[in-house]
Amino acid sequence: MLTYSIFLASSNELQFEREKFEIFISRRNEIYKTRNVRLELKIWETVSEELGAGRKQNEYNSILKTADVVIVLFWTKVGMYTEEEYRNAIALREKNDRPKVYVYEKKEKPTHPISIEDETTKLRFIEALKAGGKFHAHFRDSIELERKFLEELDQLFNEGYFKNGEKETVLESIFKFAKRILGISFVLASIVMFYFRRDVINRWTGGDPNSPIHELIAPLFLAIIGILIFIFRFKKK
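Each residue of the sequence shown is one higher than the one before, counting from 183 in my numbering.
In structure tokens, the structure reads:
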């Protein structure tokens with residue numbers, strides 16, 4: 183299965199649109215299973231969880247370098263980090279011909295007051311787009327944003343920027359099924375072995391220094407191997 187990374191940059195005021203876009207990508211992934219393609223969305227919330235405490239903007243930018251597509255959303259303002267992510271994406275695009283960069287401006291009239299400072303950041307960003315000859319689209323709500331980006335997704339596949347993954351062969355399917363069965367078998371075997379050695383466990387937990395604790399090594403080993411197989415398969419997905 184081929185995985186394509188999409189980096190979504192926006193200010194916190196568009197949190198609702200980010201959440202809706204995340205659901206949209208999840209639904210597309212269900213559809214793209216038949217193509218053996220998966221879209222991996224990187225947004226502020228999920229990237230923050232990955233980096234944990236003490237994250238820095240340069241760590242966000244390092245994730246940006248692996249993106250196949252970068253989407254920039256803005257409304258009443260453009261934050262310093264959002265602008266930096268856009269500039270870095272453009273620099274990468276000019277150097278490596280990747281990622282594709284899409285910019286969308288929300289046109290719905292805001293219900294909250296806009297400061298002069300915020301308005302200035304927005305106008306400055308729009309002027310920078312024009313100076314660089316970059317086109318940006320508009321959207322009223324999350325539905326229109328999803329519709330417009332779906333058109334871009336279709337175009338990415340049509341032009342070959344995104345390719346369909348190769349279909350799984352019969353041998354690969356058998357191998358995948360065998361690994362699943364193997365992991366289950368190891369875990370079940372360890373449970374059975376622990377059951378028949380429960381007297382050893384009772385003696386050991388009871389503080390008996392003569393309990394043959396070495397008899398628990400084999401079932402413990404099988405349990406660990408079985409669990410590792412499941413973890414490896416989960417990460418591969």
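The beta-carbon is built from N, C-alpha and C at its ideal position, and this holds for glycine as well. Since we're looking at a predicted model, the values are computed, not measured.
Residue i, buried or exposed, once every other Cβ within 10 Å from all chains shown has been counted against 16
| i | result |
| --- | --- |
| valine 374 | exposed |
| tyrosine 377 | exposed |
| glycine 314 | exposed |
| serine 192 | buried |
| glycine 234 | Only weak support is given to the placement of glycine 234: the predicted model assigns it a pLDDT of 47, under 50, and the value that follows is read from those uncertain coordinates. Exposed, by the Cβ-count rule. |
| lysine 282 | buried |
| phenylalanine 317 | exposed |
| serine 244 | exposed |
| phenylalanine 307 | buried |
| arginine 269 | exposed |
| glycine 236 | Unreliable positioning characterises glycine 236 in this predicted model, as indicated by a pLDDT of 49, which lies under 50. The coordinate reading is nonetheless provided below. Per the 10 Å Cβ criterion, exposed. |
| threonine 387 | exposed |
| threonine 264 | buried |
| leucine 335 | buried |
| glutamate 199 | buried |
| leucine 190 | buried |
| glutamate 267 | buried |
7 angstroms CB neighbourhood of residue i in its chain, flanking five on each side removed
| i | result |
| --- | --- |
| isoleucine 298 | none |
| arginine 322 | Lys289, Glu290 |
| lysine 304 | Phe256, Thr258, Lys259, Val260 |
| glutamate 231 | The predicted position of glutamate 231 is uncertain, since its pLDDT is 44 and thus under 50; no value can be drawn from it. |
| isoleucine 407 | Phe368 |
| arginine 275 | Pro281, Val283 |
| aspartate 300 | Thr258, Lys259 |
| threonine 429 | The requested residue 429 is not part of the displayed model; the chain covers only 183 to 419. |
Contact check, residue i vs residue j, beta carbons under 8 angstroms
| i | j | result |
| --- | --- | --- |
| arginine 347 | asparagine 218 | Arginine is not the amino acid found at residue 347; the sequence shown has glycine there. Cβ distance < 8 angstroms, so glycine 347 and asparagine 218 count as in contact. |
| arginine 380 | leucine 398 | no |
| alanine 319 | lysine 312 | no |
| alanine 273 | leucine 246 | no |
Integer Cβ distance of residue i from residue j, believed to fall under 8 angstroms
| i | j | result |
| --- | --- | --- |
| isoleucine 253 | lysine 224 | So it is not a contact: roughly 10 angstroms between Cβ atoms. |
| phenylalanine 368 | leucine 404 | 5 angstroms |
| valine 251 | tyrosine 186 | 7 angstroms |
| lysine 345 | leucine 184 | 6 angstroms |
Cβ-based neighbour list, residue i, same chain, cut-off 8 angstroms, excluding 5 preceding and 5 following
| i | result |
| --- | --- |
| glutamate 328 | Lys202, Phe203, Phe206 |
| isoleucine 383 | Phe376, Leu398 |
| glutamate 222 | Thr185, Tyr186, Ser187, Ile188 |
| glutamate 195 | Trp257, Thr258, Lys259 |
Same chain only: Cβ atoms within 6 angstroms of residue i, ignoring 5 sequence neighbours per side
| i | result |
| --- | --- |
| leucine 372 | Note on identity: in this sequence residue 372 is serine, with leucine being the wrong assignment. Only Pro401, Leu404, Ala405 meet the Cβ criterion. |
| isoleucine 395 | Trp386 |
| arginine 220 | Met183, Thr185, Asn211 |
| glutamine 197 | none |
| leucine 338 | Phe344 |
Would the region 405–413 count as touching the region 353–366 if we require 3 or more Cβ pairs under 8 angstroms? Yes, they touch.
Between the region 324–339 and the region 194–206, can you find at least three pairs of beta-carbon atoms closer than 8 angstroms? Touching, per the Cβ criterion.
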